[in-house]
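Reviewing the structure listed below.
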């Protein structure tokens, strides 16, 4: 990706550790202030409270994930950031400008500093890759020569310089999204909104696009807001996360903090998607509720970033002198911490099993006996 | 067939092409903006004006449901005002234009509505004005559909133009009625029909070809 290094555009990246109120106040790229959005009843459909008492900030230069199920209010949130909709109450500050108060020409000028990429790319089928990227520049009134130079720069930035004259119908999904990203960055925005930008792509292409977004964030300092319903996207890219459910922010903060100690059931369910608390079918079918002679107790240990999750089996065996069987394990890394679960088979008496559970809780592992296997 | 009759056919062909050509141009000049407006002025749309949209819709429907031959005679005073006369090929352009405008407008509306709404949202999100959206997004994206709509309009106008003989408009249809029917010359009728069929084929093929050329959705390497 040498093309990226040659482009020293944009500002340096502001370093922010977490969405702490003080830091957010000082240097927020996007700030929601006591915002709510209600869609009135229309043609027999009841009104909808899409967003309620939304109050959070997206740090300048960060990659912030906004995760929620469909209907959680993610789309409304995006449309409020780029001024396509007005809040019912409260306001949205983008780069210290109250975007919800702008209209007409002023709003259109402000929108040029907010780039956006879409799930279905939304490219014009009648324009080549280069001309699609040129569109926002034409709209902003750039000269032909400036547009030409900028488009060449952008095509190189997103790694598809050779697709200059291709029409969208001749491009793959990943290539289309690269055109979309180049178009979104054309007017040198300070924020890039990604609305489910990888949801229509296969896992491999998703990874490549997310890597590209990470590069762009690092090299151009553009604040990226990732709207998604996929935990894997947040995990791979975001440092901050905001969990939306039914129009409310239920949790927000550092990805590692939120997903190592999820409080809200919705957050826990998102976490389960990546780390999977479900047992392998072959194991689950063998588990019974009563102990049998010579069998093992099945104990599930939650690993939640306390560290040393990887050595727990060895230490348990050594310190208690037990032959602990590892029946199933799934450990993942989220925000640099281990998250997952181990399923252990512990032989011996009730008494011995109780000692194992006590030992685990002593080291702050949350553990439970889920049954027995013969 | 005698050279005089062949000359008549050639002259009538030119009259038809003249009337249809000018009426199609004017019909597009009025119908295109009208159609774009109809497609973008409902509640919540780009140029939201639901009431105006409603009223224009009713006028368009009323014009389209008036039989063309009645329209031709009903607007004779208006035709005289515009063209200075109510008789002849030039005068006939007035009712042809009035009939084709709402027809083209409805076809344009349908073609514009086919454009993915996400593209309007996309262009708005990077600060395009409504006019820029129309000129840079809606019309270019709808172009294949618009060309097919225009083709359809020209073909329909050829049919309509057969009726303007009623006000001395001339043209192929008029020739067919006067010589072929009233003067019992079936070979003249046949010749007129053959020329019309050839013209329609030509227009349709040209329209299809152009529409296919500008349709980038179908292009593959």
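Protein chains in written order, with this note's numbering: chain A, 2 to 375; chain B, 962 to 1182. Where is the CB? At the ideal position from N, CA and C, for every residue including glycine.
Let me know if residue i comes out buried or exposed under the rule of 16 or more other beta-carbons within 10 Å of its beta-carbon.
| i | result |
| --- | --- |
| residue 1181 of chain B | Only weak support exists for where residue 1181 of chain B lies, its pLDDT of 47 falling under 50; the value from the coordinates is given anyway. The residue in question, residue 1181 of chain B, is exposed, as its Cβ has fewer than 16 Cβ neighbours within 10 Å. |
| residue 980 of chain B | buried |
| residue 1151 of chain B | exposed |
| residue 1169 of chain B | exposed |
| residue 46 of chain A | exposed |
| residue 1004 of chain B | exposed |
| residue 1050 of chain B | buried |
| residue 982 of chain B | exposed |
| residue 140 of chain A | buried |
| residue 35 of chain A | exposed |
| residue 110 of chain A | exposed |
| residue 23 of chain A | Below a pLDDT of 50, predicted positions are generally treated as unreliable, and residue 23 of chain A, at 48, falls in that range; the measurement from the model is reported next regardless. It counts as exposed. |
| residue 1083 of chain B | buried |
| residue 1039 of chain B | exposed |
| residue 152 of chain A | buried |
| residue 380 of chain A | Nothing in the structure corresponds to residue 380 of chain A, since chain A is present only between 2 and 375. |
| residue 147 of chain A | exposed |
| residue 373 of chain A | buried |
| residue 968 of chain B | exposed |
| residue 168 of chain A | buried |
| residue 332 of chain A | exposed |
| residue 203 of chain A | exposed |
To the nearest angstrom, how far is it from the Cα of residue i to the Cα of residue j?
| i | j | result |
| --- | --- | --- |
| residue 85 of chain A | residue 71 of chain A | 19 angstroms |
| residue 296 of chain A | residue 222 of chain A | 58 angstroms |
| residue 66 of chain A | residue 252 of chain A | 12 angstroms |
| residue 195 of chain A | residue 994 of chain B | 35 angstroms |
| residue 268 of chain A | residue 346 of chain A | 29 angstroms |
| residue 298 of chain A | residue 280 of chain A | 15 angstroms |
| residue 970 of chain B | residue 1171 of chain B | 29 angstroms |
| residue 264 of chain A | residue 271 of chain A | 12 angstroms |
| residue 1141 of chain B | residue 1164 of chain B | 25 angstroms |
| residue 366 of chain A | residue 259 of chain A | 17 angstroms |
| residue 1122 of chain B | residue 1144 of chain B | 20 angstroms |
| residue 25 of chain A | residue 216 of chain A | Confidence at residue 25 of chain A is low in this model, with a pLDDT of 46, below 50, so its placement is unreliable and no value can be given for it. |
| residue 1099 of chain B | residue 57 of chain A | 37 angstroms |
| residue 1041 of chain B | residue 1047 of chain B | 5 angstroms |
| residue 213 of chain A | residue 987 of chain B | 51 angstroms |
| residue 42 of chain A | residue 49 of chain A | 7 angstroms |
| residue 362 of chain A | residue 317 of chain A | 12 angstroms |
| residue 224 of chain A | residue 97 of chain A | 14 angstroms |
| residue 375 of chain A | residue 289 of chain A | 8 angstroms |
| residue 1065 of chain B | residue 1155 of chain B | 26 angstroms |
| residue 156 of chain A | residue 180 of chain A | 7 angstroms |
| residue 1088 of chain B | residue 137 of chain A | 8 angstroms |
| residue 349 of chain A | residue 334 of chain A | 33 angstroms |
| residue 1029 of chain B | residue 999 of chain B | 23 angstroms |
| residue 192 of chain A | residue 79 of chain A | 12 angstroms |
Which chain A residues sit within Cβ distance under 7 angstroms of residue i?
| i | result |
| --- | --- |
| residue 1098 of chain B | 125 |
| residue 1093 of chain B | 140 |
| residue 1104 of chain B | 127 |
Using the beta-carbon of each residue, which ones in chain B are nearer than 9 angstroms to residue i?
| i | result |
| --- | --- |
| residue 188 of chain A | 1087 and 1088 |
| residue 137 of chain A | 1084, 1087, 1088 and 1089 |
List the residues of chain A that residue i touches, going by C-beta distances under 8 angstroms, in chain order.
| i | result |
| --- | --- |
| residue 1101 of chain B | 125, 127 and 128 |
| residue 1080 of chain B | 123 and 125 |
Name, please, each residue of chain B whose Cβ falls closer than 7 angstroms to the Cβ of residue i.
| i | result |
| --- | --- |
| residue 112 of chain A | 1086, 1087 and 1088 |
| residue 30 of chain A | Per Cβ cutoff of 7 angstroms: no residues; residue 30 of chain A is ~17 angstroms from chain B at best. |
Residue i touches chain B at which residues, Cβ-Cβ below 8 angstroms?
| i | result |
| --- | --- |
| residue 83 of chain A | 1086 |
| residue 165 of chain A | Chain B residues near residue 165 of chain A: none, gap ~14 angstroms exceeds 8 angstroms. |
| residue 109 of chain A | 1088, 1089 and 1090 |
| residue 119 of chain A | 1079 and 1083 |
Discussion item. Quick check: the region 127 to 138 of chain A against the region 149 to 161 of chain A, are at least 3 beta-carbon pairs closer than 8 angstroms?
Written reply: yes
Discussion item. With a threshold of 8 angstroms, are at least 3 pairs of Cβ atoms found where one atom belongs to the region 176 to 189 of chain A and the other to the region 106 to 125 of chain A?
Written reply: yes
Practice prompt. Indicate whether the contact test is met: 3 or more Cβ pairs, each with one atom in the region 288 to 304 of chain A and one in the region 336 to 352 of chain A, closer than 8 angstroms.
Written response: yes
Worksheet item: Residue ranges of each alpha helix (DSSP H) run of no fewer than 4 residues wholly in the region 1007 to 1039 of chain B, ordered along the chain?
Response: 1011 to 1026 and 1029 to 1035
Worksheet entry | the region 1096 to 1112 of chain B / the region 1069 to 1086 of chain B touching (three or more Cβ pairs under 8 angstroms) | yes
Worksheet item: What are the start and end residues of each continuous alpha helix (DSSP H) run of 4 or more residues lying completely inside the region 218 to 255 of chain A, in chain order?
Response: 232 to 238
Worksheet item: Does the pairing of the region 1045 to 1062 of chain B with the region 1117 to 1136 of chain B give three or more beta-carbon distances under 8 angstroms?
Response: yes
Worksheet item: Does the region 240 to 248 of chain A come close enough to the region 205 to 224 of chain A to have 3 or more Cβ pairs within less than 8 angstroms?
Response: no
Worksheet item: Pairing CB atoms from the region 75 to 84 of chain A with CB atoms from the region 212 to 229 of chain A, are three or more of them under 8 angstroms?
Response: yes
Fill in: Start-end ranges of the beta strand (DSSP E) lying completely within the region 1074 to 1108 of chain B, minimum 3 residues
none
Discussion item. Could you tell me which whole beta strand (DSSP E) segments of length 3 or greater appear in the region 61 to 116 of chain A?
Written reply: 64 to 68 and 90 to 95
Practice prompt. Output the residue ranges of the beta strand (DSSP E) runs that lie fully inside the region 283 to 316 of chain A and measure 3 residues or longer, sorted by chain position.
Written response: 297 to 305
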